[in-house]
Amino acid sequence: MGQTFAEQILGHASGRSDVQAGDMVVVNVDLVMMHDSLSPSIIETLHNELGAERVWDRDKVAVVIDHVAPAATVRQAEQQQHVRRWVAQQGISHLFDVGRGISHPVLIEEGLVQPGMLVVGSDSHSTGYGAAAAFGSGMGTTDIALALATGQTWFRVPETVRVNAVGNFQPGVSVKDFGLWAARTLRADGATYQSVEWHGVDFLSWRERMTLATLSIEVGAKAGIVAPTGLGAEHPVPEWLRVEADASYSRVVECDLSTLEPQVSVPHYVDNVVDLADIGRVAVDVVYLGTCTNGHYEDMAAAASILKGRRLAPNVRMIVVPASSESLHRAASDGTLATLLAAGATIGTPGCGACIGRHMGVLAPDEVCVFTGNRNFRGRMGSPGANIYLASPEVAAATAITGYITHPRNVLDSTEQAVFA
1 MGQTFAEQIL GHASGRSDVQ AGDMVVVNVD LVMMHDSLSP SIIETLHNEL
51 GAERVWDRDK VAVVIDHVAP AATVRQAEQQ QHVRRWVAQQ GISHLFDVGR
101 GISHPVLIEE GLVQPGMLVV GSDSHSTGYG AAAAFGSGMG TTDIALALAT
151 GQTWFRVPET VRVNAVGNFQ PGVSVKDFGL WAARTLRADG ATYQSVEWHG
201 VDFLSWRERM TLATLSIEVG AKAGIVAPTG LGAEHPVPEW LRVEADASYS
251 RVVECDLSTL EPQVSVPHYV DNVVDLADIG RVAVDVVYLG TCTNGHYEDM
301 AAAASILKGR RLAPNVRMIV VPASSESLHR AASDGTLATL LAAGATIGTP
351 GCGACIGRHM GVLAPDEVCV FTGNRNFRGR MGSPGANIYL ASPEVAAATA
401 ITGYITHPRN VLDSTEQAVF A
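Residues 1 to 421 in full-length UniProt numbering are what the sequence shown lists, from first letter to last.
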């Protein structure tokens with residue numbers, strides 16, 4: 001019997017070639033990621049509870065200050081100072097400080113995550129490393145501390161749900177719509193402790209693939225791995241990592257991208273997804289473009305292509321928080337950033353921004369936000385009384401122009417639609 005990506009990667013990491021779903025394996029990790037919000041408790045657990053003096057390999061640990069960056073309170077500043085001092089004391093090679101961006105895209109940009117690797121991180125959206133065909137999985141404080149101390153962890157090898165795409169997107173529709181379609185189809189518990197494999201999207205960049213990989217956790221997945229074909233020379237694929245025709249899947253679903261319409265996740269659950277055409281006229285206060293799911297250069301460029309020569313609707317605020325400094329630099333160099341600013345958008349420091357409701361654009365009671373992120377739970381971005389709608393960068397840009405949730409084709413003329421396609 002063939003193996004899924006999860007079986008191949010966990011088998012390679014455990015030194016076993018016969019791994020199948022349901023097996024228990026002890027594995028060697030290739031990289032451990034920790035971010036500013038949980039690092040203080042991880043450090044305390046590592047030293048005070050486990051009694052470890054040093055991390056097992058200083059070159060296989062990445063520390064990222066991204067969740068509240070820059071610090072919004074004195075307490076947060078003190079915690080980040082503590083983390084920086086600890087990194088220096090440990091001699092850890094990889095510290096990505098305020099402004100570099102969100103851990104998941106940054107570690108791929110830096111070449112630290114490659115196809116076939118096993119990466120564990122102190123963030124639930126560590127499934128995002130699957131954008132580079134790695135097995136990425138989020139863990140809590142104690143498990144991350146154990147991985148730091150030993151370089152090992154354990155898994156029950158997950159079953160796999162396979163999501164196939166055929167065709168390509170029509171104008172105004174993009175990978176976020178595909179990801180939300182999958183959440184709508186599989187539901188929030190549809191892949192609990194399973195791996196989600198994404199196939200048929202070879203034409204997407206790795207940043208676009210991260211939309212799918214990060215949304216995998218929103219259907220309960222342990223990992224979300226995009227097939228590595230089409231990644232490019234900067235992401236060499238090991239010979240042993242491949243699609244095997246006789247691999248076993250717990251479920252297979254298929255989406256025809258050419259017939260897909262814009263999808264919107266309405267409050268307050270990610271899998272509460274409907275066609276945009278079915279939600280009626282919903283006025284908005286804030287349009288927020290960012291996060292590891294849709295804060296990349298490609299997302300800013302898509303929004304700018306719609307906003308070019310236009311202005312935000314009265315009483316609408318548009319906040320753009322790039323996922324990484326690399327995406328920000330690219331957007332600045334080709335005019336994308338200038339277009340967003342000319343339209344009236346505000347640009348924030350690369351990082352997680354208001355995704356966890358702690359700074360840089362939190363919402364007030366009764367405010368309505370169109371968000372390109374990955375979660376719309378009650379209180380996620382601030383007040384529990386706010387309403388968050390998840391949508392694509394294209395829908396976000398069109399909405400910013402009209403002031404209500406809008407299909408991109410309604411603000412683009414026929415010539416622009418042809419170019420946009």
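Cβ coordinates follow ideal geometry from the N, Cα and C atoms, glycine included. Source: prediction; values computed, not measured.
Check, Outcome
"Residue from 277, 338, 278, 146 whose Cα sits closest to the Cα of residue 305", "338"
"Buried versus exposed, by CB contacts within 10 Å (16 or more), residue 426", "Within the shown structure, residues of the chain are numbered from 1 to 421, placing residue 426 beyond reach of any answer."
"Sheet register partners of residue 306 (DSSP bridge)", "None, per the DSSP bridge assignment."
"First through last residue of the alpha helix (DSSP H) which encompasses residue 136", "First-last for residue 136: 135-138, but that is the beta strand (DSSP E), not the alpha helix (DSSP H)."
"Secondary structure of residue 153, DSSP reduced to three states", "strand"
"Presumed contact (8 angstroms Cβ cut-off) between residue 312 and residue 400, rounded CB distance", "5 angstroms"
"Residue 127: first and last residue of the uninterrupted beta strand (DSSP E) it sits in", "No beta strand (DSSP E) holds residue 127; DSSP gives it neither H nor E."
"C-alpha distance - residue 406 paired with residue 276, whole-angstrom precision", "8 angstroms"
"From 196, 125, 282, residue whose alpha carbon lies closest to that of residue 7", "196"
"Cβ-Cβ separation, residue 191 to residue 135 (assumed contact under 8 angstroms), whole Å", "Contact doesn't hold; Cβ gap of about 14 angstroms is too wide."
"Rounded straight-line distance, which links the Cα of residue 203 to that of residue 230", "7 angstroms"
"Given residue 362 as reference, the closest of 350, 274, 379 once Cα atoms are compared", "379"
"Environment of residue 76 [buried if 16+ CB atoms lie within 10 Å]", "buried"
"Sheet register partners of residue 24 (DSSP bridge)", "156"
"Opposing strand residues paired with residue 385 [DSSP bridges]", "DSSP lists no partner for residue 385."
"The region 51-58 contacting the region 153-160, beta-carbon criterion three pairs below 8 angstroms", "no"
"Boundaries (first-last residue) of the beta strand (DSSP E) holding residue 235", "Premise fails: residue 235 is in no beta strand (DSSP E) and is neither H nor E."
"Residue 59 burial status per 10 Å Cβ neighbour count (16 or more: buried)", "exposed"
"Own chain residues within Cβ distance below 8 angstroms of residue 188, not counting five before or after", "218, 219, 220, 269, 270, 271"
"Range covered by the alpha helix (DSSP H) that runs through residue 80", "74-90"
"Rounded distance between the beta-carbons of residue 111 and residue 241, thought under 8 angstroms", "Going by Cβ atoms, the distance from residue 241 to residue 111 rounds to 17 angstroms, so no, they are not a contact pair."
"Limits of the unbroken alpha helix (DSSP H) element including residue 179", "175-186"
"Spatial neighbours of residue 419 in its chain, beta-carbon cut-off 7 angstroms, leaving aside the 5 residues before and after", "Residue placement at residue 419 is flagged as unreliable, the pLDDT there being 49, under the threshold of 50; a coordinate-derived value is accordingly withheld."
"Three or more C-beta pairs below 8 angstroms linking the region 292-304 and the region 368-378", "yes"
"Cβ distance (whole Å) where residue 345 is taken to contact residue 382 below 8 angstroms", "Rounded, the Cβ-Cβ distance is 19 angstroms, inconsistent with contact."
"Residue 106 beta carbon less than 8 angstroms from that of residue 129", "no"
"Cut-off 6 angstroms between Cβ atoms - residues of its own chain near residue 91, not counting five sequence neighbours on either side", "58"
"Continuous alpha helix (DSSP H) stretch holding residue 17: start and end", "It is not in any alpha helix (DSSP H) - residue 17 carries neither H nor E in the DSSP assignment."
"Paired residues, beta bridge with residue 34 - DSSP", "63"
"Cα-Cα separation, residue 357 to residue 376", "11 angstroms"
"Sufficient close CB pairs (3 or more, under 8 angstroms) joining the region 41-48 to the region 17-31", "no"
"Distance, residue 179 Cα to residue 165 Cα", "11 angstroms"
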